[in-house]
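Residue numbers (this note's numbering): 907 to 1644. Heads up, the beta-carbon is just placed ideally off N, CA and C, and yes, glycines get one too. A quick write-up on the structure given underneath.
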Ligand code: SF4
C-alpha cells in the first residue's frame, strides 16, 4: 500500500474560455494542498502560462530578502495557458515551467511539450505552484477523475525517467474491467533523474503516451536547472490525470472560428511542409546542414561554424532520416493533432554503455540542439553516439544543451593544457572522445568523483574553481573567460554568433541567459538576410522577444508560427514576421478567450505584442528584484560569441576578417594586410566589442530601459501596466533611475 501523506478533495471546475481560473498551491514542507482563485486583474495582465507562473512566484516570495534556488521558498511553477489543450491546433499542448535557477540566481522559464499542462488544466487547474521541501521522496498526483490531489511517499521507485514514466503511467491509468480498455493517454508524468541531484543543470521530462507505438515519450524543460530544483524539493514525480477531452473541452467563446482557423493552419502545414523544412520527416534535424552551409554550426566549442574537413556531414538530416523510425506518418506530435509532428524518435536502440548497456530502448530525439551540442561542438560526428548521449541525458535528468556546451568548454581546456588527466579524475577529454563523455555522464548520475561534480555545476562555477585552484597565468585566466560559453551563468545554446550581431544581442540581451527561444534571430539574420542594417537588428531585439513571449503565455509551441510559412510569405511587407500567421493567432486567441484584439491587422498585432511586452518587462523587473537584471548582467558576453578568440580562429577565416576590417577602417585589403596579423586580430576585437555595447544602448532605448542601470524607466512602466502593477514594482525600480 502506498503511504498517502496528504490528500485534498475538490470539485472539478469545467474549463471556460480557456481557463479554470484556479490554481493549486502545494507546500511540501508541511504537506498542505490548497486550491486558490486567480483574480481577474491578474488574468487580464498575465494571460496564463509563463505569465501566471511569474505572478505566482512574485506574490509568494518574501519581499525583505532574496531567496536562493535551494531554499524551500523557491517556488516551482507550471502552467499551460488559455490556448493550451486545444486539440487539432498545431502546437497547442505546451507547459511552461519557472523557478529561480541554480545556474543564474534569476528566473528561468522553459517551454515544454508533453501533455502535463493541458491534462492538469482539464483536471481543474490553470497552474501549479510547489513550495517547500519534502522530508522524504514524494510523488504528487492530480487526478481530475477522482477530483483529488494527493502527496504520496515514493517508495522503491526508480529515478531514471524511462523507467519511472512507464511505471507511473501504468499505475495511474484506469482500466475498464469489462472491455480491458485503458485511458493511459490521459496520464502524464513529470520527472527528472538521478544526475539532477548532483548538477545545476538538471532538466525535467514531461511524458505523453503514444498509442500507436504503445510507449511513453518525453520532452524536456531543459534549461536552467528546473530539474535540480525539483529534486531538491525531494520530488520524484508529478502525475496529472485528465478526463477524456474533445475540442469543446476548452470551452471556446466561438467554436466555429476556432475550428476554421485550426483547420486552415493545419492544412497549410500538411501541404507545404514537404516543400520547406520537412519537419514531419526529420524535425529540427533539418538544421545542421543549413547551419553548416552558413558557417554557424558550433564545432569544437563554437570555434568554427562547421568542420572544415566536412566531418559534420554525418550529423545532417539525411543521416537522421535513416535512424528515426516511422517518421512522416503523423505519429510524432508532442501534442495531439499537431500537424507538424516533428518530435521524432529512434526505436529499438541498443545502448552501448552505462547501467542499461545491451538493453534496447526508445530514444526521443535527438533534436537540433542535441545534435550540435553533444555532436559537432564536442567533436563527435557519429549520429548514433549522439543518440546514446541523448538517451542518458534524458533519463538521468540532464539538460543536453548545458551538458554539450560545458563539455565543449572542458575539452578545449584539456586540449590547451589547462586540464589534464590528473585534474579530470583520469578522463581523457580530447575532442570526440565518446568513451570519456559517456563516462562523465555516468559518474555525474552516480555523484561519483571530484571532477564530474565540479563540471556538473556549469561553466561559471568551473571558471571560478579553475581560477582558485589551478594557479593559472593571466593569459590562461583570460582564455577560460573568453572561451567559456556561458552568460548570466547559463550555457549558450547551439549557434555560432560571431557573424550575427542580431543573435549576439539575441543571446546577450535576454532575460534568462543565452537560450535561443527568446530571440532566435540567427536564421533570419544570416540565412534570409532579413535585417541587414544595425537599426533593423536593434528593432528585431524588441519585436521578436515580445512576440516569442506570447507563445509561452498561451501554452503554445513556436514552431508552427515560422517553421512552415505560407507559400506567398516572401511577397509580404514583413516576411520575417509571417504576417498571415499572426492573424491566425489573433483569431485563435479571440475564438477561445472571447477577448477582442482589434479590427485591423496592425491593431491586432499591436495588441498581441503589448500583451507579451507587459510580461516580458515584468520578468526583467523580477530579475532586478532578485539582485540582477542590470546593465552589467547584459554586458561582456564571452568573446567567443562575438569574435575570434585565438589567432588560429582568425587565420581560419582570414579573408572574411581582413575584408571586414578593411571596410570598417576605410582601407584597402592590401593596406590591412601590411599590419601584423596579431594587430588585425586585436583591432577586430576592439571594433566588435564596441559594436555590441552600441547595440546594447540602442536596444535599451527601444525597450524603455535606463541606459546606466538597465532597469525599466518609470514612464515606460506607467505606459504598459495598470496602476496596481506599477505600485507593485515601484519599490524595486525607483532607486535605479537616472
Ligand atoms: S511543432 Fe513539433 S515540438 Fe511543436 S508541438 Fe508540434 S510536434 Fe511538438
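- Nearest C-alpha to residue 1193 among 1113, 1272 and 1323: 1272.
- Taking a cut-off of 5 Å from the heavy atoms of the ligand SF4, the residues with a C-beta inside it are 997, 1019, 1239, 1240, 1241, 1244, 1246, 1248, 1249, 1463 and 1465.
- Taken through DSSP and simplified to helix, strand or coil, residue 915 comes out as strand.
- Taking the Cα positions, residue 1029 is about 24 Å away from residue 947.
- Put simply, the backbone Cα of residue 1404 is about 20 Å away from that of residue 1365.
- At a Cβ-Cβ threshold of 8 Å, residue 909 and residue 1018 do not count as neighbours.
- By the Cβ-count criterion, residue 1224 is exposed, with fewer than 16 other Cβ atoms from all chains shown falling within 10 Å of its own Cβ.
- Take the alpha-carbon of residue 982 and the one of residue 1250: they are about 29 Å apart.
- Here residue 1322 is exposed, its C-beta having fewer than 16 other C-beta atoms within 10 Å.
- Minimum Cα-Cα distance from residue 1535 among the listed residues 1174, 1517, 924 and 1012 corresponds to 1012.
- Here the stretch 1279 to 1299 lies against the stretch 1338 to 1355, with 3 or more beta-carbon pairs under 8 Å apart.
- Three or more Cβ pairs drawn from the stretch 1531 to 1550 and the stretch 1582 to 1598 lie within less than 8 Å of each other, which places the two stretches in contact.
- Across the structure, residue 1411 and residue 1436 are spaced so that their CA atoms are roughly 16 Å apart.
- Secondary structure note for residue 1001: its beta strand (DSSP E) is the uninterrupted segment 1001 to 1006.
- Per the Cβ contact rule, the stretch 911 to 924 is not in contact with the stretch 1423 to 1442 (fewer than 3 Cβ pairs under 8 Å).
- Three or more Cβ pairs closer than 8 Å define a contact, and the stretch 1300 to 1311 falls short of that threshold against the stretch 1375 to 1384.
- Looking only at 1116, 1119 and 1123, the smallest Cα-Cα distance to residue 1110 is reached by 1123.
- For residue 1058, the enclosing beta strand (DSSP E) covers residues 1054 to 1059.
- Collapsing the DSSP output to three states places residue 1138 in a helix.
- In terms of Cβ geometry, residue 1521 and residue 1128 do not form a close pair [threshold 8 Å].
- With 16 or more other Cβ atoms from the protein chains shown falling within 10 Å of its own Cβ, residue 1586 counts as buried.
- Between the stretch 1551 to 1562 and the stretch 1203 to 1217, the count of C-beta pairs closer than 8 Å reaches three or more; the two stretches touch.
- Taking C-beta separations shorter than 8 Å and ignoring five residues to either side along the sequence, the partners of residue 1327 in its chain run 1333 and 1334, following chain order.
- Annotated as distal: residue 1014 and residue 932, with beta-carbon spacing of 8 Å or more.
- Here residue 1006 is near residue 980, since their CB atoms are less than 8 Å apart.
- DSSP places residue 929 inside the beta strand (DSSP E), whose first and last residues are 928 to 933.
- In this structure, the beta-carbon distance from residue 1462 to residue 998 falls below 8 Å.
- The alpha helix (DSSP H) runs of length 4 or more contained entirely in the stretch 1433 to 1514 are, from start to end of the chain, 1440 to 1460, 1465 to 1468 and 1485 to 1499.
- In this structure, residue 1415 lies near residue 1602, with their beta-carbon atoms less than 8 Å apart.
- If only uninterrupted alpha helix (DSSP H) runs of at least 4 residues are considered, those enclosed by the stretch 1545 to 1616 are 1553 to 1558, 1560 to 1571, 1575 to 1579 and 1583 to 1609.
- With a beta-carbon spacing of about 14 Å, residue 1466 and residue 1489 fall beyond the 8 Å limit used to define contacts.
- Between residue 993 and residue 1166, the C-beta spacing is not below 8 Å.
- Between the stretch 1038 to 1056 and the stretch 1156 to 1166 there are fewer than three C-beta pairs closer than 8 Å, too few to call the two in contact.
- By the criterion of a C-beta distance shorter than 6 Å, residue 1355 is surrounded in its chain by 1331 and 1349, once the five residues flanking it on both sides are discounted.
- In the same chain as residue 1422, and ignoring 5 residues on each side of it, the C-beta atoms closer than 6 Å to its own belong to 1399, in chain order.
- Put simply, the backbone Cα of residue 1187 is about 12 Å away from that of residue 1181.
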